[in-house]
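What follows is a set of notes on a single structure, which appears directly below.
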Amino acid sequence: MSSQSDLEPCAHDLEAVADLDDPRWRTALRTVLDGQGLDVVAQPIVDVAHARVGGYELLSRFAGPPTRSPDVWFTAARRHGLDAELTALTVTTMRALAEERPPATFWSMNIEPHLLTSTPVSEALLAHGRLDQMVVELTEHVDSRHDGGLDDVLAEVRRLGGRIAMDDAGTGYSGLSQMLTIRPDIVKIDRSLVSGLDRDPVRRTVVRLLGDLSGQIDSWLLAEGVETWAELDDLLHLGVPLVQGWATGRPAAGWPGLVPELVTHLDRHAVRADLGDHVLPLVRPARVHRTVGPHGDQGPGGTCLPAPLGDHGPAPGEVVLDGRGGAWAVVVTGP
């Protein structure tokens, strides 16, 4: 008599298989869709002006088998027509986990633009309440020929309190064009621009131009893939207010805080005292809203970084001061 493993493809055998069209991949994907094998880690997004975690990017991890990167898993899902289902499961899982994140932080996740209009993904994203403090990251490569369906989904995300980020910005003309069309709330500088930034004046010029453009469309600038202190220092001098990368905090289970070395580095370079001059294109002069104690009225860490992403932050045009009269939160201007 044949055993179950003789009758069905076995996912364990995929470890040595390079062909993503192999039917055993479908078995592995179905196992994940049935609730086994999808894990989530969080990578800190650092508000360097205040030396605090302003938010987290949530990232998928797959326990396997097979042992492959998330990109490979999602590519395999697309090959087998399961990418919308897998993305919808990821949205649902991450939304539930995000309820446990530290107070006064936002969270983000990456969704392929063409999947946002699929029924499984749009329902998982839009049919279960408010999206306050959630950021939906789009890859740069949004087809300029897309119909109004994507625009409608993005408008609904914003109506529900969510925000839009453009991933991998600055790596092509199409990305700059889409920045002007989509008007993202956060613009993410691609790792290809961050790598070697401290040694390349051309890269610094491109980042400076992205900062100017972000200011014109009222967006925050976020540098991803920061791996060295030298890269971080150049980003700080260029006025990039949000950073993310292995140098500032690696992805981990739970909700990782700032690494002590980063706090020491920021203090040594007096970033919090200097950055105000650089973020002026992203904020406008604000009047005092109220004063709070040395740790803010929500305990250590103060109030939420960008008011549009918080539940209890000051309104646009207002700023919270600490007990010494210093600004406790930078307030992003809205449209």
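For the sequence shown, the working numbering assigns the number -19 to the initial residue and increments by one for each residue that follows.
All C-beta atoms in this analysis are idealised placements derived from N, C-alpha and C, irrespective of residue type, glycine included.
None of the values given here were measured: they were computed from a predicted structure.
Item, Value
"Output the distance between the C-alpha atoms of Val26 and Leu238, rounded to the nearest integer angstrom.", "8 Å"
"If I follow the unbroken beta strand (DSSP E) through Gln23, where does it start and stop?", "Leu18 to Asp27"
"Is Leu201 closer than 8 Å to Leu190 when the C-beta atoms are compared?", "yes"
"How should Leu111 be labelled, buried or exposed, when 16 other C-beta atoms within 10 angstroms of its C-beta is the threshold for buried?", "buried"
"Using the beta-carbon count (16 or more within 10 Å), is Thr85 buried or exposed?", "buried"
"Just how far apart, CA to CA, sit Arg173 and Ser88?", "For clarity, residue 173 is Leu in the given sequence; the question names Arg instead. Going by the C-alpha atoms only, they are around 21 Å apart."
"List the DSSP bridge partners of His136.", "Rather than His, the amino acid found at residue 136 in this sequence is Glu. None; Glu136 has no bridge partner."
"Which ranges would you report for the alpha helix (DSSP H) in the stretch 171 to 229 if only whole runs of at least 4 residues count?", "171 to 174, 181 to 196 and 209 to 217"
"Let me confirm a value: Arg139 is counted as buried when at least 16 other C-beta atoms fall within 10 Å, else exposed. Which label applies?", "exposed"
"Quick one: which unbroken alpha helix (DSSP H) runs of 4-plus residues sit fully inside the stretch 48 to 129? Chain order, please.", "50 to 59, 63 to 78, 93 to 96 and 99 to 106"
"Give the range of the beta strand (DSSP E) segment to which Arg163 is assigned.", "From DSSP, Arg163 is part of no beta strand (DSSP E); its letter is neither H nor E."
"Between the C-alpha atoms of Ser98 and Ala22, what's the straight-line distance to the nearest angstrom?", "26 Å"
"Put Leu156 into one of helix, strand or coil per three-state DSSP.", "helix"
"By the DSSP assignment, the alpha helix (DSSP H) with Leu238 in it spans what residues?", "Taken as a continuous stretch (DSSP letters only), Leu238 belongs to no alpha helix (DSSP H), as it is neither H nor E."
"Please state whether DSSP places Leu246 in a helix, a strand or coil.", "helix"
"Check whether the stretch 6 to 14 touches the stretch 206 to 226, taking contact to mean three or more Cβ pairs, one atom from each stretch, closer than 8 Å.", "no"
"Looking at the secondary structure, which residues open and close the beta strand (DSSP E) in which Leu38 lies?", "Arg32 to Phe42"
"So, is His108 buried or exposed, given that buried needs 16 or more other C-beta atoms within 10 angstroms?", "exposed"
"In whole angstroms, what is the alpha-carbon distance linking Asp147 and Ser49?", "19 Å"
"Spatial neighbours of Val220 within its chain, please: CB distance less than 6 Å, with the 5 preceding and 5 following residues excluded, ordered by chain position.", "Leu201 and Ala203"
"Do Ala145 and Val101 count as a contact pair if the criterion is CB distance below 8 Å?", "no"
"Quick check: the Cα distance between Val133 and Arg59, rounded to an integer number of angstroms?", "25 Å"
"By DSSP, does Asp147 sit in helix, in strand, or in coil?", "strand"
"Can you check whether the CB of Gly229 is closer than 8 Å to the CB of Pro82?", "no"
"Assuming contact is defined by CB atoms lying nearer than 8 Å, are Leu105 and Leu69 in contact in what I supplied?", "no"
"With distances taken from CA atoms, which of Arg4, His217 and Leu222 is nearest Tyr36?", "Leu222"
"Let me know the secondary structure DSSP gives Leu9 once reduced to three states.", "helix"
"Quick check on Ser157: buried or exposed, where buried means 16 or more other Cβ atoms within 10 Å of its Cβ?", "exposed"
"Relative to the C-alpha of Gly205, which residue among Leu215, Asp180, Gly44 and Asp198 is closest?", "Leu215"
"Could you check which residue in Gln196, Leu160, Arg183 and Leu77 has the C-alpha nearest to that of Leu218?", "Arg183"
"Report the rounded CA-to-CA distance for Gly225 versus His30, giving the unit in angstroms.", "17 Å"
"With a cut-off of 8 Å on the beta carbons, I'd call Leu379 and Leu77 a contact; round off their distance for me.", "This structure gives no information on residue 379, because the portion of the chain shown stretches from -19 to 315."
"If you run the structure through DSSP and keep just helix, strand and coil, what is Pro3?", "helix"
"Kindly give me the distance between the Cβ atoms of Asp19 and Ala43, rounded to whole angstroms, as I take these residues to be in contact under 8 Å.", "6 Å"
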